[in-house]
Structures are given as C-alpha cells and as structure tokens.
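Numbering of the sequence shown is given in my numbering, commencing with residue 1 and proceeding in unit increments.
Contents: one structure, followed by commentary.
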Amino acid sequence: MEKFIDIFDERIYFTMEDEKEDLPIFLFIHGFADRGLTISPLKQLKNRKYKIATLDLPGSGKSSLKNNASLEYFSKIVFKLIEKEFIDKEIYIISHSMGAIPGLFNLKVNDKVKHLFLLAPLNYNLLSIENDLNSDIFKWLLPENENDAFDSLFNLVFEPNQNYINGINLLAKKIFDSIDLRKQKFGFLVKEQILSKNYLNNQIRKLFDENSNFTVIFGSEDKFVSKNQMLLLKKDRPDIKFFEIKKCGHAMFYQKAEEINNIINEYLSNK
Numbered sequence: 001m002e003k004f005i006d007i008f009d010e011r012i013y014f015t016m017e018d019e020k021e022d023l024p025i026f027l028f029i030h031g032f033a034d035r036g037l038t039i040s041p042l043k044q045l046k047n048r049k050y051k052i053a054t055l056d057l058p059g060s061g062k063s064s065l066k067n068n069a070s071l072e073y074f075s076k077i078v079f080k081l082i083e084k085e086f087i088d089k090e091i092y093i094i095s096h097s098m099g100a101i102p103g104l105f106n107l108k109v110n111d112k113v114k115h116l117f118l119l120a121p122l123n124y125n126l127l128s129i130e131n132d133l134n135s136d137i138f139k140w141l142l143p144e145n146e147n148d149a150f151d152s153l154f155n156l157v158f159e160p161n162q163n164y165i166n167g168i169n170l171l172a173k174k175i176f177d178s179i180d181l182r183k184q185k186f187g188f189l190v191k192e193q194i195l196s197k198n199y200l201n202n203q204i205r206k207l208f209d210e211n212s213n214f215t216v217i218f219g220s221e222d223k224f225v226s227k228n229q230m231l232l233l234k235k236d237r238p239d240i241k242f243f244e245i246k247k248c249g250h251a252m253f254y255q256k257a258e259e260i261n262n263i264i265n266e267y268l269s270n271k
C-alpha cells in the first residue's frame, strides 16, 4: 500500500506492506535528504518477523516541503503520521542517521512506540572528537561542487566496488545540479541543528538522556557517524544494547541488511 497523507499542509508519502497482517509493524524514518526507499534491501528479505512501513520526510523523496525544515518539524510530522495511520496499533521504529531524532522524540511522547532501533544515529558526539572522520561532513551534506557530491556518496560505503562507483558518478551530478534547492530547503537544518555544537550538546543530548527503550546498531567503518562517537555514547549509556557490524559504512541497509535483520528478529524472538 502506498499513499499520500495530509499533515500540516504537507503531502507526506507513506507506504506499508499489505501482507503479513499479524506481524509487528516497523516504521522506518530515513536520514538527511534521503527517502523511505532506502530500506528496500531489508524489505527484500523473506525471513523477516515483522513488516515495514515507510515515509518520506518533508522535502525528501515524494513528500512536499511548504514549511521550514527542522528536526522539531520532522518529529511532529512523524507523531501525526503515527496518530493517523496506527490508531489502534503498537509499532516499533527503525531509524537511520538523522532519523534518530524524530525517532527519539516519538519514543518519548508516543505510547504507541514500543521500541526504537537507532542505526548509525545522529548523536551529540558528532563534533566532539578532534581529528575524527567527520571533518568533511559539512561539504558532504551541502556540497560546494560536483567533487564534494561524489565524495559524499563514495564515503557512504565501506570499500565501494566499481559498479557502485560507476553509479554514483551520475548521481553526484544530479545532486550538484540541484544543490541550490537543497541549500534552500535544508540550510538551516544543517548549519543550526545537525552541525551546531550547542544544539547537539543540549537538544539532542537531552533526547538521548530522556529515553532508554532503544537499541543502537552501527557500522565499524562509518565515516559519517563514526565508531568513536558510538563508543563515547556507549560509555555514557551502559544500560543500552549496542551492536557493531563489521566492514560496514554509513549505508547500512545497502551493505549489511542481513545482519540488521538478524538483530531485529532476535529481539522479537526474545521479547
């Protein structure tokens, strides 16, 4: 099933698997300038013990953006979507990267959300480690030229093969051709929130501190959300389960869908 849902003057693109009616529902919240389709490698697996719903956040994928993009706005969009689409249902959330923030917000305020799986989560340690792998993250999020756009895509994966490299050459050009629109839509989101030390240390840290019912999954070779960041987070939160997936970059579904699925299936089997 796929449709558009009207929320706060936006047209939000939403999908949910129609089959497997009795299985738990996992709502996927994607990362920065991405789309719900990113979770497709996981959806293609036949041995899942859950079904997947997705949305495109405002300004991404097929969804509109008529208001200012911010993490608070995205969080409220997800809240309203859950209220509209899962009236009498419990759900789980699986988030990637920036999607962690709407995920944590809804875990805190929405009783329908039973557990949250944070994959490579945006976190308050993003800018706290000197000489970490995130020194280029600004130009990866808002490229200044086609080379920046290529580097951003290249560094999403661990040891990209030639087919991947060939594919991102065209995609990098497409991204840079629309970079002015990206900056217009997401400039505030990047400069004043994702890459603001004050925002990270206060607003995002508060969301992590106020929640406990979540699991963290990260890639050992992630250049956007590094292993060092995750180890600091783990030190702060010994009460939380952390799973490190070896030989995996930031594009976790693309590289390690099977491993992610195994972690989720095991959680559901043991709950």
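Just so you know, even glycine gets a beta-carbon here, dropped at the ideal spot from N, CA and C.
Bear in mind that the values here come from a model prediction, so they are computed numbers and not experimental data.
Do residue i and residue j have their C-beta atoms within less than 8 angstroms of each other?
i	j	result
F105	S75	yes
K183	L65	no
S97	H250	yes
I168	L153	yes
F301	L116	Any property of residue 301 remains undetermined from this structure, which presents the chain solely from 1 to 271.
G31	G99	yes
N270	L45	no
P58	I82	no
F272	N123	Nothing can be reported for residue 272: it is not among the residues displayed for the chain, which extend from 1 to 271.
S212	C248	no
K80	I129	no
S95	Q193	no
E19	K108	no
Let's see if you can read the secondary structure: which residues bound the beta strand (DSSP E) around residue i?
i	result
R182	Premise fails: R182 lies in the alpha helix (DSSP H), 179–188, not in any beta strand (DSSP E).
V225	Neither: V225 is in no beta strand (DSSP E) and is coded neither H nor E.
K241	241–245
S95	91–96
F8	Note, F8: premise wrong, no beta strand (DSSP E); not H, not E.
G219	214–219
In this structure, does DSSP put residue i in helix, strand or coil?
i	result
A53	strand
I274	The chain is shown only over 1 to 271; residue 274 falls outside these bounds and no answer can be derived.
R205	helix
L27	strand
F79	helix
F253	helix
M1	coil
I264	helix
I87	coil
G36	helix
Who are the Cβ neighbours of residue i in its own chain at under 6 angstroms, not counting the five residues just before and after it?
i	result
Y50	L23, P24, F26
F242	V216, K234
W140	S152
Using C-beta distances below 7 angstroms, list every residue in its chain close to residue i, excluding the 5 sequence neighbours before and after it, in chain order.
i	result
R35	D56, S60, G61
K3	F14
L170	none
N201	Y124
I179	P143
S63	E10, R11, I12, Y13, D56, L57
Who are the Cβ neighbours of residue i in its own chain at under 8 angstroms, not counting the five residues just before and after it?
i	result
A53	F14, T15, M16, E17, I25, F26, L27, F28, E85, I91
K89	I25, K112
L195	L126, L127, I137, F138, L141
What first and last residue would you give for the alpha helix (DSSP H) that runs through residue i?
i	result
K271	Unbroken run through K271: none, as it is neither H nor E.
Would you say residue i reaches chain C, if we count a Cβ-Cβ gap shorter than 8 angstroms as a contact?
i	result
I93	Absent from the structure is chain C; it holds one protein chain and no more.
### Minimum length 4: unbroken alpha helix (DSSP H) runs contained in the segment 102–171
137–141, 146–154
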